[in-house]
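Reviewing the structure listed below.
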Amino acid sequence: DNISAASAQIRLHRMLVTWPENATWNSMTNGIQTDDVEAMSSHDAQVADPTNPGTEVITGLAAALQYWSDGNPNHGWVLISNSTDGWDVDSSEAATSANRP
45 DNISAASAQI
55 RLHRMLVTWP
65 ENATWNSMTN
75 GIQTDDVEAM
85 SSHDAQVADP
95 TNPGTEVITG
105 LAAALQYWSD
115 GNPNHGWVLI
125 SNSTDGWDVD
135 SSEAATSANR
145 P
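Numbering (the working numbering), first residue to last: 45 to 145.
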């Protein structure tokens with residue numbers, strides 16, 4: 045992760061609508077809204093300290109996972125930051141090896 049706002053929190057909100065693989069933030073009008081239409085207004089879990097490098101353990105997802113396991117639509121989560129600085133996520137292909145998970 046690469047974020048400059050130490051007080052930032054990342055919240056996982058369940059998506060309520062389908063979205064294609066090539067979707068972007070702006071594919072939805074004005075970005076994804078946590079309005080109980082595009083995504084749930086309440087969050088399932090949050091990352092309290094996204095500035096801490098390394099693996100994050102996220103708890104509180106059991107209800108969402110059970111809901112999906114019961115056959116309800118699974119559109120995934122949208123990760124919403126409460127900071128205007130944003131949040132970067134590095135994958136295993138990150139150019140800087142120290143940033144890879």
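The beta-carbon is built from N, C-alpha and C at its ideal position, and this holds for glycine as well.
Put simply, of N126, S86, P145 the residue whose alpha carbon is nearest the alpha carbon of R58 is S86.
Positions of the beta strand (DSSP E) runs, each at least 3 residues long and wholly inside the segment 60-113, are given as 89-91 in order along the chain.
Annotation: M84 to I124 spans about 11 Å, alpha carbon to alpha carbon.
Each residue's CA atom was taken as its position, placing I76 and G104 some 22 Å apart. Assigned with DSSP and collapsed to three states, S136 falls in coil, not helix or strand. Its Cα nearest to that of G120, the residue Y111 stands out among S127, Y111, A142.
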